[in-house]
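The listed protein sequences correspond, in order, to chains A and B. Numbers 1 to 378, taken from our numbering, label the letters of the first sequence in order. Numbers 379 to 735, taken from our numbering, label the letters of the second sequence in order. Even for Gly, the Cβ is constructed at its ideal location relative to N, Cα and C. Remember, predicted model here, so these are calculated numbers, not experimental data.
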Amino acid sequence: MTAASEPLLRVEGLQVHFPIRRGLFFDRTVGHVRAVDGVDLAIDRGTTYGLVGESGCGKSTLGRAVLRLVEPTAGRVVFDGTDVASLGGEPLRHMRRRMQMVFQDPLGSLDPRQDVESLLSEPLQAHGLGGGKAGIATRVRELLDAVGLPAAAMRRYPHEFSGGQRQRIGIARAISLEPDLLIADEPVSALDVSVQAQVVNLLEELQERLGLTYLVIAHDLAVVRHISDVVGVMYLGSLVEQAPADALYDEPLHPYTRALMSAVPVPDPVVEERRARILLAGDLPSPANPPSGCRFHTRCPWRQETRCDDEAPVLRELAPGHLVSCHWAEEIRDGVLRPKSAEEVAATQGVSVRATGADGGFEPDALLQGVDEPIERR
Amino acid sequence: MSIEAMPPEGALRSDVPVLEVEDLSVTFTRRGEQPTRAVDGVSFSVSAGETIGLVGESGCGKSVTSLAVMGLLPKRGVQVGGSVRLAGTELLGASDRTLRRLRGSEMAMVFQDPLSSLNPTVPIGTQVTEVLVEHREMGKREAATEATDLLDRVGIPDPARRLKEYPHQLSGGMRQRALIAMALACSPRLLIADEPTTALDVTIQAQILELLRELVVDSGTALVMITHDLGVVAGLCDRVHVMYAGKVIETADRYELFARPRQPYTGGLLASVPRLDAGRGVPLTPIRGSARDAIPWAEGCAFAPRCDNAQDDCLTEVAGSTVPLEYDGPGRELRCRHPLSYPQQTPAGATASGAGR
Ligand SMILES: Nc1ncnc2c1ncn2[C@@H]1O[C@H](COP(=O)(O)OP(=O)(O)OP(=O)(O)O)[C@@H](O)[C@H]1O
Ligand SMILES: Nc1ncnc2c1ncn2[C@@H]1O[C@H](COP(=O)(O)OP(=O)(O)OP(=O)(O)O)[C@@H](O)[C@H]1O
Ligand code: SF4
Ligand code: SF4
Ligand SMILES: [Mg+2]
Ligand SMILES: [Mg+2]
């Protein structure tokens, strides 16, 4: 059952809908927030799956549903060949031990009244691991060493550490039970860049040493590209594209992925000046009332008169391992269809957006358009 | 829809920068605590139509610098020294009345968290029209029309309806636009934007940055952009001042800075950020430690405990003086005794991935 070829984690048709309650006693359900609305993904052992998307698209909810911190509305989570929903009691506890989470805000997730030693030994004691007092003390020292903190850190409290050091404590705690899967929700987004790089390197090093499998949730596409083997892009509760990291960045196929990537600033003025930006019209629609058909159609620069508004696209495999959910992905890739400017989209969809610098004429198959040919700045 | 290229009156003399900050220092003195010098001898200037960037990690003094310029620091427990001149007029020591008049008419600020700088109990339309009535002496009706125009200009859809809405009814991006609209209400000569897009999604950030870019080009506003995001700096700022522990440690135009960072801290920052256009295998080279490890400038270079180039003479005790900010070639200034060097000069614009490491 646990053949090496079987992915460590498989998520099938996962849905998480939160009821929206109104009324004097919040007793009337007036609708649902479709936080996660039918996601399929698989993560191979020892690899990193990066999940990106904008605020509110359902990334954290997906991570929490995998751990069953929220109950899925529908769908399956299969961990190491076992349907997690079928478990209860001791087997569920055991499974939870094998899946751990690292949070964005290390201070919020660490009890401020516990010193580091007690923070790190607590999970060991709770699971009866570590082999008694002496064993636990040794293990705590090993853990601190693994995340690059001095043994003297043991007697100190979370508030005495910098943000990066706190994140190291959070990671030490997460790996203390020797999990197989680590779900890291925005593990570096609260950190300064110099410290962010330390934590990214630490995660990579631990993965190599301990053979960990990661689900990394982040809104920073550059961090995700750096750390991931496979990247999934979410929009309003669904995956719109999934591909090996390099393939995704070399040739993003979904219009949303293209817009997202063109919006990420690159720390290089030469690149910044030459690349085209695909500005999107308007804001993210509400997940309580998602648009019909393709959910991206209200903002999509490539939207067509047919299919987009009334037919929901499904994920299709256009190249090995490269999945995209867009009716027109081939035509867009081959440059048969041309994008409209954000203003034009805005005009047809009744939303507004300011004019963009690079209007129309994007090179459809390059992330950094016209690298050889500078675009005139006004 | 382009904003008329109308230089604000008085600013026609382009030789006088819109803002000149000289040797600015801010010390917080709280009773029973050691005074902390949050800003320590910072100088920079911005001209009309120019964008400068203040970058650095959390706590290096970016926000305190901008609050000092705007005259928004608390009166008690704060000592401000140096000079801040807006189009030649000294602001430090100016009366509250003068400052209040200048804020809104001549200079404006946009903050990271728009919700905290908008009044939650007043519709945004009223908040924008109030600025117009107060500073541009418009009538109510005229102000309302102008407010609609402003919201439209910053890309708020259906502006006439939005004017009646309260801040919490708008999305984060819309609120930031509303705040920018208020800042623009009086066509200020100077706009200070303190992490204006940090709380926003990248696609919305792209819209806001585009808006700021247009503003600078079309109306000649002088823009001070405060950010920790080197990508934002690369795309927006003409000149960049890198700050560490309250001091400017390196100044250069953006091409120079990114192609050939000289300060080990700047080089370290650039080697720390993952790039979207870099392959997966490219390793990150972080700076060790964190900003907490800084030593007081009086004892030596504050960056010394984290610096790979540090030598004994980086400490005041050994060298007999603190590390000064000095001329480092045309348009560059540097505070460092053992800077990164580049054996052969590559043409400006070469990339700096993994520079100097
Ligand atoms: N417990 C809850 N009850 C009701 N709605 C919820 C709950 N948790 C999340 N949501 C809603 O579900 C949607 C997805 O939220 P989620 O936190 O998963 O997004 P996210 O992608 O992690 O965003 P961010 O990048 O801001 O962290 C949002 O609209 C959110 O408001
Ligand atoms: N009101 C205050 N009283 C005392 N110290 C303060 C006060 N405001 C700021 N400081 C200190 O001044 C220093 C600089 O703070 P500042 O807010 O300017 O940092 P910043 O560069 O804007 O950082 P960030 O990127 O986190 O916004 C910090 O060490 C901070 O603790
Ligand atoms: S299906 Fe249509 S609206 Fe959706 S992403 Fe593709 S082109 Fe755009
Ligand atoms: S002065 Fe010395 S310690 Fe400071 S940055 Fe330069 S080499 Fe490093
Ligand atoms: Mg989240
Ligand atoms: Mg700040």
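Put residue i into one of helix, strand or coil per three-state DSSP.
i         : result
Gln457(B) : strand
Pro717(B) : coil
Thr47(A)  : coil
Arg379(A) : Since the first residue shown for chain A is 1 and the last is 378, residue 379(A) is missing from the structure and cannot be characterised.
Met261(A) : helix
Pro291(A) : coil
His322(A) : strand
Tyr214(A) : strand
Leu8(A)   : coil
Ala676(B) : helix
Asp418(B) : strand
Ser495(B) : helix
Arg670(B) : helix
Met603(B) : strand
Gly466(B) : coil
Leu87(A)  : coil
Gln242(A) : strand
Gly79(A)  : Looking at the sequence itself, residue 79(A) is Phe, so the reference to Gly does not match. Of the three classes helix, strand and coil, the one that applies to Phe79(A) here is strand, per DSSP.
Verify the contact flag: residue i, CB atom, against every heavy atom of ligand 3, threshold strictly below 7 Å.
i         : result
Trp302(A) : yes
His322(A) : no
His17(A)  : no
Cys57(A)  : no
Pro339(A) : no
Since residue i meets chain B, which of its residues come closer than 7 Å, beta carbon to beta carbon?
i         : result
Ser55(A)  : Asp579
Gly164(A) : Ser668
Check whether the Cβ of residue i lies closer than 7 Å to any heavy atom of ligand 5, and answer yes or no.
i         : result
Glu186(A) : yes
Ser60(A)  : yes
Under the criterion of a Cβ to heavy atom distance below 7 Å, does residue i qualify as lining ligand 4?
i         : result
His226(A) : no
Phe79(A)  : no
Arg715(B) : yes
Pro287(A) : no
Ala688(B) : yes
Given that residue i touches chain A, what residues does it touch there, using C-beta distances under 9 Å?
i         : result
Tyr633(B) : Pro269, Val270
Val511(B) : Neighbours of Val511(B) on chain A: none; closest Cβ ~26 Å, over 9 Å.
His606(B) : Asp192, Val193
Glu435(B) : Asp192, Val193, Ser194, Val195
Met552(B) : Asp283
Gly609(B) : Ala222, Val264, Pro265, Val266, Pro267, Asp268, Glu272
Return yes when the C-beta of residue i is under 7 Å from any heavy atom of ligand 6, and no when it is not.
i         : result
Lys440(B) : yes
Asp607(B) : no
Glu435(B) : no
Taking C-beta pairs closer than 8 Å, name the residues in chain B that residue i reaches, listed in chain order.
i         : result
His219(A) : Asp579, Val580
Gly282(A) : Pro535
What whole-angstrom Cβ distance do residue i and residue j have, given they're in contact under 8 Å?
i         : j         : result
Cys438(B) : Gly609(B) : Rounded, the Cβ-Cβ distance is 18 Å, inconsistent with contact.
Ala263(A) : Pro652(B) : Wrong, their Cβ atoms sit about 16 Å apart, outside the cutoff.
Ser650(B) : Gln196(A) : 7 Å
Ala35(A)  : Gly53(A)  : Their Cβ separation, rounded to whole angstroms, is 12 Å, which puts Ala35(A) and Gly53(A) out of contact at 8 Å.
Arg632(B) : Pro269(A) : 5 Å
Given the structure, does residue i come close to ligand 8, in the sense that its CB is under 7 Å from one of the ligand's heavy atoms?
i         : result
Val701(B) : Absent from the structure shown: ligand 8. Ligands present: ligand 1, ligand 2, ligand 3, ligand 4, ligand 5 and ligand 6.
Would you say residue i touches ligand 1, meaning its beta carbon is less than 7 Å from a heavy atom?
i        : result
Val33(A) : yes
Which residues in chain B sit within 9 Å of residue i, going by Cβ to Cβ distance?
i         : result
Leu279(A) : Thr581, Ala584, Gln585, Glu588
Residues of chain A with CB under 8 Å from residue i, in chain order?
i         : result
Leu718(B) : In chain order: nothing, as chain A lies at least about 16 Å away.
Ser549(B) : Asp283, Leu284
Ala612(B) : Pro265, Val266, Pro267, Asp268, Pro269, Val271, Glu272
Let me check you understand the geometry: is the CB of residue i closer than 7 Å to at least one non-hydrogen atom of ligand 2?
i         : result
Ala416(B) : yes
Phe681(B) : no
Gly449(B) : no
Phe489(B) : no
Phe406(B) : yes
Could you work out which residues of chain A lie near residue i, taking near to mean beta carbons separated by less than 7 Å?
i         : result
Phe636(B) : Pro267, Asp268, Pro269
Which residues, in order along the region 246-268 of chain A, keep a beta-carbon less than 8 Å from a beta-carbon of chain B?
Asp246, Tyr249, Ala259, Leu260, Met261, Ser262, Ala263, Val264, Pro265, Val266, Pro267, Asp268
Between the region 641-664 of chain B and chain A, which residues of the former have CB atoms less than 9 Å from a CB of the latter, in chain order?
Answer in chain order: Tyr643, Gly646, Leu647, Leu648, Ala649, Ser650, Val651, Pro652, Arg653, Leu654, Asp655, Ala656, Gly657, Arg658, Val660, Pro661, Leu662, Thr663, Pro664.
Give the residues from the region 669-684 of chain B that approach chain A closer than 7 Å (Cβ to any Cβ), ordered along the chain.
Ala669, Arg670
Along the region 190-201 of chain A, what residues have a CB closer than 8 Å to any CB found in chain B?
Here the close residues are Asp192, Val193, Ser194, Val195, Gln196, Ala197, Gln198, Val200, Asn201.
Between the region 220-241 of chain A and chain B, which residues of the former have a C-beta closer than 7 Å to a C-beta of the latter?
Leu221, Ala222, Val223, Arg225, His226
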